[in-house]
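In the working numbering, the protein residues as written are 543 to 812.
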């Protein structure tokens, strides 16, 4: 029996490979917290909980690119996908460490579309924080790496005080990053349920779906964050929504408690 193989690509080669395959599935084999901090646009996290679903549900003709931290684990995953019958599989040599400081595979990108200039005077404490985190203190609505805005970054850090200050300045509550995630998603990554409630109250969309069709509720369920799941459901998140791969939050539940909460919510919604 012939052993199936996969390609090993440098960032420049991966750029050309992906541009020729716009429907490619990009898989990030790093930990959840690092994926949340920054990843290739459109990538899906790959781990021991979802790999079987991906292997079974994705069509074998769909190209697959896998990356990890330094290009070691990605080779194991790539071999698995190739052995399972996927026809075009590649991994990124040296992984995330091979990318530029902003995590870009493609090199220089077109200028970011800037949000409207926030109104009012930026408080000194907020200005200092913006500068320390790599944002422009004079433009508190401007996104930086991966399209993350200061509001998203504050939510990820669990800084409710800074999130409130930014919203008071008039930054866009519905802004999304390069993956289609908003500040609520990042607050769910942090796990601060009080901040989750406050962001929704201030106009951050509860049902924003990212580029894969996943909502904050789906993320919280897949991450086993039961308290966040309960909070989102209490705020009115729809448990019946499905991702582009036809998964609901219930399908993604990673813990018994999340499963219990979502089963009850699904019954009520149905």
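Even for Gly, the Cβ is constructed at its ideal location relative to N, Cα and C. Small disclaimer: the values here were computed from a predicted structure and weren't measured.
Under the 10 Å beta carbon count, residue 810 is surrounded by fewer than 16 other beta carbons and is classified as exposed. The beta-bridge partner set that DSSP reports for residue 569 consists of 586, 608. A distance below 6 Å between beta-carbons, with the five flanking residues on each side excluded, links residue 605 to the following residues of its chain, in chain order: 563, 566, 630. The beta-bridge partner set that DSSP reports for residue 631 consists of 606.
Exposed is the label assigned to residue 639, since fewer than 16 other Cβ atoms lie within 10 Å of its Cβ. Nearest to residue 633 by C-alpha distance, out of 799, 553, 789, is 553. For residue 560, the uninterrupted alpha helix (DSSP H) run begins and ends at 553 to 561, by DSSP. Between residue 698 and residue 732, the C-beta gap is smaller than 8 Å, which places the two residues in contact. The beta carbon of residue 673 is closer than 8 Å to those of 679 in its chain, skipping five residues each way along the sequence. Proximity of the region 704 to 714 to the region 679 to 693 meets the contact definition, three or more beta-carbon pairs being nearer than 8 Å. A distance below 6 Å between beta-carbons, with the five flanking residues on each side excluded, links residue 628 to the following residues of its chain, in chain order: 602, 606. Residue 784 is bridged by DSSP to 790. A Cβ-Cβ distance of about 6 Å is found for the pair residue 796 and residue 764, placing them in contact under the 8 Å criterion. Of the other Cβ atoms in all chains shown, fewer than 16 fall within 10 Å of the Cβ of residue 798; this residue is therefore exposed. By the neighbour-count criterion, in which 16 or more other beta carbons inside 10 Å mark a residue as buried, residue 794 falls on the buried side. Our two residues, residue 750 and residue 686, have alpha carbons roughly 20 Å apart in a direct line.
Cβ atoms of residue 613 and residue 589 stay farther apart than 8 Å, at about 17 Å. Secondary structure at residue 748: coil, using DSSP grouped into helix, strand and coil.
For residue 549, the closest of 596, 575, 620 by C-alpha to C-alpha distance is 620. In the structure shown, residue 601 falls within a coil segment according to DSSP collapsed to helix, strand and coil. For residue 611, the closest of 573, 737, 624, 695 by C-alpha to C-alpha distance is 573.
In this structure, DSSP gives residue 759 a helical state, which the three-state scheme calls helix.
Looking only at 785, 579, 625, 812, the smallest Cα-Cα distance to residue 754 is reached by 785. In this chain, the alpha helix (DSSP H) harbouring residue 616 covers 615 to 625. Under DSSP, residue 549 takes part in a beta bridge, and its partners are 632. Ranking 801, 598, 707 by CA distance to the CA of residue 682 puts 707 first.
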